[in-house]
Amino acid sequence: MELRIFTEPQQGASYDDLLAVARCAEETGYAAFFRSDHYLKMGSVSGEPGPTDAWTTLAGLARDTRRIRLGTLMTAATFRLPGPLAITVAQVDQMSGGRVELGIGTGWFAEEHTAYGIPFPSVGERFDRLEEQLAVITGLWATPPGKTFDFAGRYYPVTDSPALPKPVQQPRPPILLGGMGPKRTPRLAARYADEFNLPFVSVEDTVAQFERVRAACAEAGRDPAELRWSNALVLCCGRDDAEVARRAAAIGREPDELRANGLAGTPAEVVDKIGRYAAAGSQRIYLQVLDLADLDHLELVAAEVMPQV
């Protein structure tokens with residue numbers, strides 16, 4: 001099982017806060033540092049000093065880290081046009097020496113759109129736009145050098161594009177899709193995804209949704225073994241119950257609730273829970289770290305959980 005770090009900077013984090021976490025994750029052996037793509041805080045936190053842009057952050061980390069992979073869970077398709085997004089991701093891939101991954105979804109948080117003047121169409125249109133974005137982004141990256149790319153889209157028509165720049169990773173940076181949608185989500189994953197991710201769902205729901213995606217792959221004539229399968233879960237690990245309770249309180253949660261819905265408890269408990277997701281088919285876990293100042297948390301999991309999974 002591969003362990004990756006996943007942060008939620010909209011809850012309150014500067015670039016320097018994120019850099020400290022990314023460097024700690026790199027030094028302690030985690031495979032990747034990912035961040036959310038949100039412009040508005042959630043819940044009762046202040047969110048100060050304010051939101052940071054996901055791809056601006058990753059561009060900085062591309063130069064300020066050396067080994068760790070970098071990506072988004074998930075870039076909102078509503079935030080960016082597909083052509084400029086393909087350019088941005090390719091550039092950050094070049095800046096990182098080929099360490100970037102693009103997680104992308106429809107966008108779902110209506111309030112952040114109204115707070116910053118971003119159009120927020122219906123869920124059906126958001127899926128239509130996401131599908132076109134995936135076609136444009138992958139089409140631009142796949143166009144051979146010296147050729148041009150065209151796409152007769154309803155929302156994002158493209159004409160005579162030079163399809164530049166190219167990412168370092170070939171044939172492209174990995175694309176992550178995810179979510180519990182029962183129909184379009186599996187179909188899009190079967191067609192475009194290199195990894196399928198489920199955020200904050202139970203083992204039972206993981207089994208059911210992974211099976212839907214495998215069925216969609218079979219229908220599309222694709223081998224499901226070509227995909228990586230992953231989960232994202234909140235982390236609250238402590239050496240004993242007192243440390244678990246302290247970390248839970250720091251993020252405004254209860255230990256029992258976190259044990260039920262996330263990866264919480266002693267290292268042994270966390271290892272056991274990860275094993276259940278592995279049995280469901282998960283190959284990667286994104287550890288959602290909400291207290292970014294608590295680097296000892298990352299070090300504890302790296303020392304006492306990572307070697308056992």
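Residue numbers (full-length UniProt numbering): 1 to 309. Heads up, the beta-carbon is just placed ideally off N, CA and C, and yes, glycines get one too.
Closest Cα partner of residue i within the set the options
i	options	result
P255	G238, A268, V136	G238
G124	G107, V21, E111	G107
R246	W229, N231, R228, G265	G265
G50	A293, R228, Y116, F196	Y116
M180	G105, A220, I118, Q10	G105
V244	W229, A279, D294, A208	D294
R184	A280, A216, P171	A216
Helix, strand or coil at residue i [DSSP, three-state]
i	result
G103	strand
A110	helix
Q288	strand
G178	strand
E211	helix
P199	strand
L3	strand
S96	helix
D294	coil
D150	strand
R35	strand
T28	helix
L233	strand
T65	coil
Integer Cβ distance of residue i from residue j, believed to fall under 8 Å
i	j	result
D37	T75	5 Å
D93	P173	5 Å
R4	F34	6 Å
R214	P224	4 Å
Y155	L177	18 Å between Cβ atoms; not a contact.
A77	R129	6 Å
F6	V289	7 Å
Sequence-distant residues of the same chain with beta carbon closer than 8 Å to residue i, five excluded per side
i	result
K166	A90, W141, P145
P267	C237, R239, L300, V301, E304, V305, Q308
M95	A59, A62, R63
S46	G12
F151	E132, A135, V136, G139, P157, V158
V100	L58, A62, R69, L70, G71, V89, V92, D93, P167, Q169, P173
S161	G83, L140, T143, T148, F149, D150
A218	P224
Buried or exposed by the 16-neighbour rule on C-beta atoms within 10 Å, applied to residue i
i	result
S282	buried
E226	exposed
Y30	buried
K41	buried
Y39	buried
E8	buried
Y286	buried
A260	exposed
A32	buried
Beta-carbon contacts of residue i that lie in its chain and below 6 Å, excluding the five residues immediately before and after
i	result
R222	A190
K273	L263
D194	P174, I175
A250	D291
L19	D64
Proximal residues to residue i (C-beta, below 7 Å), its chain only, five neighbours per side dropped
i	result
R212	P182, P186
E111	L40
Y277	V203, T206, N231, I285
G97	V168
L258	V234, C236, A248, A264
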